[in-house]
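Read in order, the letters of the sequence shown correspond to residues 79 to 567 in UniProt numbering. Don't be surprised by glycine CBs; every beta carbon is placed ideally from N, CA and C. Data block below; observations after.
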Amino acid sequence: LAENTVSITVVGASGDLAKKKIFPALFALYYEDYLPQHFTVFGYARSKLTDEELRHTISTTLTCRVDKRENCSDKMEQFLRRCFYHSGQYGSEVDFCELDNKFKEKEDGKLANRLFYLSIPPNIFVDVVRGASRSASSPNGWTRFIVEKPFGRDSESSSELTRCLKMYLIEEQIFRIDHYLGKELVENLSVLRFANLVFEPLWSRNYIRNVQLIFSEDFGTEGRGGYFDHYGIIRDIMQNHLLQILALFAMETPVSLDGEDIRNEKVKVLRSMRVLKLDDVVVGQYKGHTKGGKSFPAYTDDPTVPKGSLTPTFAAASLFIDNARWDGVPFLMKAGKALHRRGAEIRVQFRHVPGNLYKRKFGTDLDKATNELVILVQPNEAIYLKINNKVPGLSMRLDSSNLNLLYSERYPREIPDAYERLLLDAIEGERRLFIRSDELDAAWAIFSPLLRELEEKKVVPELYPYGSRGPVGAHYLAAKYNVRWGDLS
Ligand code: BG6
79 LAENTVSITV VGASGDLAKK KIFPALFALY YEDYLPQHFT VFGYARSKLT DEELRHTIST
139 TLTCRVDKRE NCSDKMEQFL RRCFYHSGQY GSEVDFCELD NKFKEKEDGK LANRLFYLSI
199 PPNIFVDVVR GASRSASSPN GWTRFIVEKP FGRDSESSSE LTRCLKMYLI EEQIFRIDHY
259 LGKELVENLS VLRFANLVFE PLWSRNYIRN VQLIFSEDFG TEGRGGYFDH YGIIRDIMQN
319 HLLQILALFA METPVSLDGE DIRNEKVKVL RSMRVLKLDD VVVGQYKGHT KGGKSFPAYT
379 DDPTVPKGSL TPTFAAASLF IDNARWDGVP FLMKAGKALH RRGAEIRVQF RHVPGNLYKR
439 KFGTDLDKAT NELVILVQPN EAIYLKINNK VPGLSMRLDS SNLNLLYSER YPREIPDAYE
499 RLLLDAIEGE RRLFIRSDEL DAAWAIFSPL LRELEEKKVV PELYPYGSRG PVGAHYLAAK
559 YNVRWGDLS
């Protein structure tokens, strides 16, 4: 049997994502000996660069994760020697043919596996896939394509993209990435649920009052306004990152941990969800603000954003899953840019303790202190459970305390970046954390009518100051369900 090689091509090599995430993740995998013995990395883009120039650019972004081992700079050198550059037009079969020749040289007759990472704008996805699949597919091994969102702007454009990709590829070759699925605490959701006895029995409408999925960033679009304005926060964060977390959170137990079994369960949950309506959302947009002598720009001050844009930079939404497990339980989502802090978290608020024994005897109102399970996805990864506890002493006083699993204390080793997990899985053919096309369809079906309506009716977003907690409308939305956002309490 011939030895395996893998050629990893980063298409769009001079872009931000490639520099900040993809090359560093590949190096981290190499550093930790996760990459196959025979691998090469190609950067592909239009600009004319030499191999050396590419190596120089990459080298400035590489860091030695984990402990600073002595051989780190040697490892960097070795890694960089396996990096090459190929300049080409995105739609040119001739240029991909030349790349193919370079692959063959490096593969040296071994079994050739090829991975293309499309770190490029969506309008050239199909051109690249056409060129690369026709002219640079592996002759004897696998050829896979990792694609980054946006996968369209709504159901129709997403189906059209899928249709076009499938003219050149089969579904098994397409790895649609959602980098939130590679985050440690998101991956841990299934372990928490299915490898512990104590949570799963409570995981339903019988015990859970509401679930909150919260994303916030403490910076605005800064330079990405051009891309962002075309999509907005609902498409940028909710329809993918938060919805994916929701699906993993709410799905039934899969038949096995096999990628297809897990994705089957996620699709079922998504297909049981109610289609969102205008009443179910609040949209916001940040405005300029001065704080401590420093001034922060409004979204529409970004030179790449059209004046008068109505694109939401904040949204809150209430979603429902119409199945036996979750009937009537609000899943509240909130996502925003230019807020007061950066974080992503899942909050599970449990129902009240029935009977209210402590209120009757001591007047302690536990209604405001229900149990809450909090999963802090980032930063400061942690899982904690709020419980009511007796304050030590002779009087009977209760307070709410946390049973706390703080990752930095329990697992001092640095957590790998999401892209490391996902790149490794793509190389190994593990599809569990990638989005299947039926999953994508189901996700768009929930959001598309709402997105259309927001645009057609030109719904004006509620303004909130840069660096604030977001528009008050989000509180009213939660209050409709008698819920308070956990991140504000
Ligand atoms: C991307 C969005 O998918 O996720 C960005 O397009 C956002 O707008 C980013 O900033 C957030 O990712 P992370 O991993 O930094 O939370």
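{"Check": "Pick out whichever of 527, 121 and 346 has its Cα sitting closest to the Cα of residue 514.", "Outcome": "346"}
{"Check": "Using 10 angstroms around the beta-carbon of residue 89, count the other beta-carbons present and answer buried if the total reaches 16, otherwise exposed.", "Outcome": "buried"}
{"Check": "Give the list of continuous beta strand (DSSP E) stretches no shorter than 3 residues that lie fully inside the segment 394–442.", "Outcome": "409–414 and 421–428"}
{"Check": "Which of the three DSSP states is assigned to residue 170 in this structure?", "Outcome": "coil"}
{"Check": "For the ligand BG6, is there any heavy atom lying closer than 8 angstroms to the beta carbon of residue 293?", "Outcome": "yes"}
{"Check": "For residue 535 versus residue 356, is the C-beta distance shorter than 9 angstroms?", "Outcome": "yes"}
{"Check": "Thinking residue 463 and residue 409 are a contact (beta carbons under 8 angstroms), I'd like their distance in whole angstroms, please.", "Outcome": "Wrong, their Cβ atoms sit about 19 angstroms apart, outside the cutoff."}
{"Check": "Just to confirm before moving on: does the CB-CB distance between residue 417 and residue 538 stay below 9 angstroms?", "Outcome": "no"}
{"Check": "Rounded to whole angstroms, what is the Cα-Cα separation between residue 241 and residue 516?", "Outcome": "12 angstroms"}
{"Check": "In angstroms, rounded to a whole number, what distance separates the CA positions of residue 284 and residue 343?", "Outcome": "21 angstroms"}
{"Check": "Is the beta carbon of residue 306 within less than 8 angstroms of some heavy atom of the ligand BG6?", "Outcome": "yes"}
{"Check": "Hey, is residue 312 close to the ligand BG6, as in C-beta under 8 angstroms from one of its heavy atoms?", "Outcome": "no"}
{"Check": "I want to know whether the segment 246–255 touches the segment 370–390 - three or more CB-CB distances under 8 angstroms.", "Outcome": "no"}
{"Check": "With a CB to CB cut of under 7 angstroms and the five nearest residues on each side skipped, what residues in its chain are close to residue 484?", "Outcome": "460"}
{"Check": "Per DSSP, what kind of secondary structure is residue 149 in: helix, strand or coil?", "Outcome": "coil"}
{"Check": "Looking only at its own chain, which residues have a Cβ that is under 6 angstroms from the Cβ of residue 306, when we skip the five neighbours before and after it?", "Outcome": "299"}
{"Check": "Can you round the beta-carbon distance between residue 509 and residue 337 to whole angstroms, since I take them to be within the 8 angstroms contact cut?", "Outcome": "4 angstroms"}
{"Check": "Indicate, with yes or no, if the ligand BG6 has a heavy atom lying under 8 angstroms from the CB of residue 266.", "Outcome": "no"}
{"Check": "Under 9 angstroms between the Cβ atoms of residue 199 and residue 312?", "Outcome": "no"}
{"Check": "Is it buried or exposed for residue 290, if we count other Cβ within 10 angstroms and need 16 for buried?", "Outcome": "buried"}
{"Check": "Would you check if the distance between the CB atom of residue 194 and the CB atom of residue 286 is smaller than 9 angstroms?", "Outcome": "no"}
{"Check": "Are there three or more Cβ pairs, one per stretch, closer than 8 angstroms when the segment 205–223 is compared with the segment 179–195?", "Outcome": "yes"}
{"Check": "List the DSSP bridge partners of residue 543.", "Outcome": "365"}
{"Check": "Is any heavy atom of the ligand BG6 found at a distance shorter than 8 angstroms from the C-beta of residue 422?", "Outcome": "yes"}
{"Check": "Using the beta-carbon count (16 or more within 10 Å), is residue 474 buried or exposed?", "Outcome": "exposed"}
{"Check": "What are the boundary residues of the beta strand (DSSP E) that includes residue 554?", "Outcome": "From DSSP, residue 554 is part of no beta strand (DSSP E) but of the alpha helix (DSSP H) over 551–557."}
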